[in-house]
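Undergrad:
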Amino acid sequence: MRKKLSLLFISFGLLLAVTAQAAGFTSRIAVLRGEQWWGVFVNGGHEEPFTKPFKVNTADYDASSLTTPFLVSTAGRYIWSSAPLEIEFTGDELIIGSDVEEVKAVSGGRTLRAAYTVCCLRNLLRTEQGDASRPSPSADFFNLPLYDTGHELPAPDAASLADYAAQIVQHGFPAGILLVGDGWQASDGSFMFDPEYFADPRTLIADLHAKGFKVMLTVNPYVPAAGRNFRNPASGRFLCGADGRPTVVSNASGYHLCLDPGNPDEAARMRAQLAKLRAEYGVDGFLFDAGTVVATLQGERLAAFMKGWASLGEGIELCEYAPGFDTPFTPYINGLPAGSPFDWEFLASGQADILSAGLVGYPFCRPLPADGAGSSDDPRLLLRYLQQAAAMPVMNIGFAPWRVASGADLGPFREAVRLRELFGPYLAELARDAVRVGEPMLRHMAYQFPRNGFADCPDQFMLGSRYLIAPVLDSTDRRLVRFPKGVWYDAGGKRYKGPLVTEIAVAPDRLLYFEQRPAKGDK
């Protein structure tokens, strides 16, 4: 497994090892009449398809706005390179600079879907073992809800974690993946349970497993910049700058040195500690969070760090990285930090980011609001969020529904989470297809229905080819739905014949989704 996964990160190292100097080759690619382009930005709130001029170098890694040298268009053209690109969009043309090659727009067919799939098959899905050998994230990510406890349990301990799991079940919610945030370790970077707060982690995790839960722990590369660590920072364990001095970062818990997974010895030590957590205590997986230090690194230092950091997740199917990597089709969940806080705008921007990510080879994503999904007490917003999340690659639940609703009012929250039982198996199937042929799990309407005027329609999407999902993204309980040609049925059996644009009143406890199927008597 390690050899297979390592191949996926080679391109990452190549991308970042190239410095952002003046390009040796420059191409000018005219935008065709009516042609619209997606790409470059995996996330970050940039409007897609491109409508406003921009200029970016994809070698400049930014954890809050991942970029990639991959573009696709509604005219069936794509632009791709294995090295970073300087990309400027003027509105009328794309000016592409490269240090290693002359970049051209390649025809993959006549549609956005054709351009994307052809580029994936030619450039992104090749492995020495063949496509079928490519690993994918655990199906548990798609079949189970993920309960992110970081907001509700900012200082986790065994009792509070066990109680939180019990509350989930007692309130009628299904067991799922419990993601434990920072605070479980004896000290940051020790990768060992704090014995004061987790006296018997083996029994705790066994009890959670018996209730149907999986357990993920958040890990990071930080250790306190104090004591023995601070007195011996040049031991080879810690990340240092070009001047040989240790890199110091700060976060909510203080000032820290950073362990250096780019050092093979340190990476091996960290892998051994992770293996011990899995073998001795039954931990199922990890969220690898290095956002604070990633923002401080550039060039070869960043490439070495990220290559070593990526190696820690090899062979762990229940695995997420936040921030993720700018390498397509990595076999873990890609946490996409969003610039907006958890509000109505986040519902729209997070969905748009997921759709854009799917068009450049990132099908396994979880949008992460800037201040956590538990920061709101607005029951209407939280319910609409859960309904939307039920059809996302990962159903992220970052708050306790019973904290914001009770009695009969809690019923719609349970129903929203239960939607995962409908969508989960299909999402797992789509994930397998994604690593085999590259198709996105969540698909932009323009991808699935070319030349139907859907390029400006990021507020609804296709889940695979089976479901049209139209979540409510504001507080109005109404929304406009644009149906492509065909016959569509909602969850109650009501029939809509497209092409059709119509406004639909949406009950607070309802997610709008539709299936396309032939109707009796329809031709």
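Quick note on numbering: our numbering labels position 333 of the sequence shown as 373, and the sequence is numbered without any gaps.
Think of the CB as a built atom: it goes at the ideal place given N, C-alpha and C, for glycine as much as any other residue.
Decide yes or no for the touch test of the region 339-348 against the region 372-382: beta carbon pairs closer than 8 Å, at least 3 of them.
TA: Verdict: no, contact absent.
Undergrad: Alpha carbon to alpha carbon, how far is A392 from I544? Give it in angstroms, no decimals.
TA: Near 21 Å, if we compare the C-alpha coordinates of A392 and I544.
Undergrad: Nearest-angstrom Cα distance between R406 and F328?
TA: In a straight line, the C-alpha of R406 is about 14 Å away from that of F328.
Undergrad: For a quick check, are the C-beta atoms of G216 and P235 less than 7 Å apart?
TA: For G216 and P235, no; Cβs fall outside 7 Å.
Undergrad: At which residues does the alpha helix (DSSP H) containing H249 begin and terminate?
TA: P241 to A250 is the span of the alpha helix (DSSP H), which, as asked, contains H249.
Undergrad: Rounded to the nearest angstrom, what separates C298 and F326 at their Cα positions?
TA: Rounded to whole angstroms, C298 to F326 spans 18 Å at the Cα level.
Undergrad: At the level of alpha carbons, what is the spacing between W99 and V80?
TA: The displayed chain sequence assigns Ala, not Trp, to residue 99. Their backbone Cα atoms lie some 11 Å apart in a straight line.
Undergrad: How would you call R117, buried or exposed, if buried means at least 16 neighbouring beta carbons within 10 angstroms?
TA: With 16 or more other Cβ atoms within 10 Å, it is buried.
Undergrad: Which same chain residues end up closer than 7 Å to Y295 when comparing Cβ atoms and leaving out the 5 residues on each side of it in sequence?
TA: Contacts found: A265 and V288.
Undergrad: Under DSSP, the beta strand (DSSP E) around G107 begins and ends at which residues?
TA: Residue identity check: residue 107 is Thr in the sequence provided, not Gly. Element bounds for T107: T107 to S113.
Undergrad: Identify, in the order they occur along the chain, each residue of the same chain with its Cβ nearer than 6 Å to the Cβ of N317, setting aside the five sequence neighbours on each side.
TA: A quick correction: the sequence has Leu, not Asn, at residue 317. Closer than 6 Å at the Cβ level, and outside the excluded window around L317, lie V323.
Undergrad: Within 10 angstroms of its Cβ, does A456 collect 16 or more other Cβ (buried), or is it exposed?
TA: With 16 or more other Cβ atoms within 10 Å, it is buried.
Undergrad: Closest to N260 by CA distance: which of N183, F345, F182 and Q210 is it?
TA: Residue F345 is the option with its Cα nearest to N260.
Undergrad: What separation, rounded to the nearest whole angstrom, lies between the Cα atoms of G538 and V112?
TA: Straight-line Cα distance between these residues: approximately 27 Å.
Undergrad: Can you give, in chain order, each stretch of the alpha helix (DSSP H) that sits fully within the region 450-516 and has at least 4 residues?
TA: Counting whole runs of 4 or more residues, the region 450-516 contains the alpha helix (DSSP H) stretches 451-477 and 485-488.
Undergrad: According to DSSP, is K92 helix, strand or coil?
TA: The answer is coil: DSSP assigns K92 none of H, G, I, E or B.
Undergrad: Let me know the secondary structure DSSP gives G325 once reduced to three states.
TA: Note: G325 maps to strand in three-state DSSP.
Undergrad: How big is the Cα-Cα spacing for A292 and P368?
TA: Whole-angstrom Cα-Cα distance: 31 Å.
Undergrad: Give a yes or no on contact between the region 476-490 and the region 196-211, applying the rule of three or more CB pairs nearer than 8 Å.
TA: Too few Cβ pairs lie closer than 8 Å, so no.
Undergrad: Tell me whether Y425 sits in a helix, a strand or coil according to DSSP, three-state version.
TA: If DSSP states are grouped into helix, strand and coil, Y425 belongs with the helices.
Undergrad: Once DSSP output is grouped into helix, strand and coil, what is the label at S51?
TA: Model confidence at S51 stands at a pLDDT of 42, short of 50, so the residue's coordinates are unreliable; what they give is reported in the following sentence. It is helical.
Undergrad: Bridge partners for R557 per DSSP, in chain order?
TA: Bridge partners of R557: none, in fact.
Undergrad: Could you name the residues that DSSP lists as bridge partners for P286?
TA: Answer by DSSP bridge pairing, in chain order: C280.
Undergrad: Write down the C-beta distance between L378 and G331 rounded to the nearest angstrom, noting that I regard them as a contact closer than 8 Å.
TA: It is Ala, not Leu, that sits at residue 378 in the sequence shown. With 8 Å as the limit, A378 and G331 do not qualify as a contact, their Cβ atoms being about 13 Å apart.
Undergrad: Where I119 and F365 are concerned, what is the direct C-alpha to C-alpha distance, given to the nearest angstrom?
TA: If you take the alpha carbons of I119 and F365, they lie about 20 Å apart.
Undergrad: Where E555 and F404 are concerned, what is the direct C-alpha to C-alpha distance, given to the nearest angstrom?
TA: Their backbone Cα atoms lie some 23 Å apart in a straight line.
Undergrad: If you follow the alpha helix (DSSP H) that E543 is part of, which residue opens it and which one closes it?
TA: From DSSP, E543 is part of no alpha helix (DSSP H) but of the beta strand (DSSP E) over R535 to A545.
Undergrad: What residues are listed by DSSP as bridge partners for Q76?
TA: Its beta-bridge partners do not exist; DSSP assigns none.
Undergrad: I'd like to know if the region 190-199 and the region 463-482 are in contact, where contact means that at least 3 CB-CB pairs between them fall below 8 Å.
TA: Contact between the region 190-199 and the region 463-482 is absent, because fewer than three Cβ pairs lie under 8 Å.
Undergrad: What residues in its chain sit with their C-beta under 8 Å from that of L244, if we drop five residues either side in the sequence?
TA: For L244, where only same-chain residues beyond five positions count, the Cβ hits under 8 Å are A198, L201, A202 and F238.
Undergrad: Grab me the residues of E168's own chain with a C-beta within less than 6 Å of its C-beta, minus the 5 sequence neighbours each way, in chain order.
TA: With a pLDDT of 48 at E168, under the threshold of 50, the modelled position of that residue is not reliable, and the figure given next carries that caveat. So the list is empty, once near-sequence residues are dropped.
Undergrad: For the region 303-381, which segments carrying the alpha helix (DSSP H) assignment without a break, of at least 4 residues, lie completely within its bounds, in sequence order?
TA: You should have 304-321, 331-334 and 339-351.
Undergrad: Pick helix, strand or coil for V209, following the three-state DSSP scheme.
TA: In the structure shown, V209 sits in a helix (DSSP, three-state: H, G or I).
Undergrad: Just the Cα atoms here: how many angstroms apart are F253 and L218?
TA: F253 and L218: Cα-Cα distance of roughly 7 Å.
Undergrad: Please name the residue in S138, G447 and H86 whose C-alpha comes closest to that of A7.
TA: It is not possible to answer for residue 7, since the shown part of the chain is limited to 41 through 563.
Undergrad: Using DSSP with H/G/I as helix, E/B as strand and the rest coil, what is P441?
TA: Here P441 sits in helix by DSSP.
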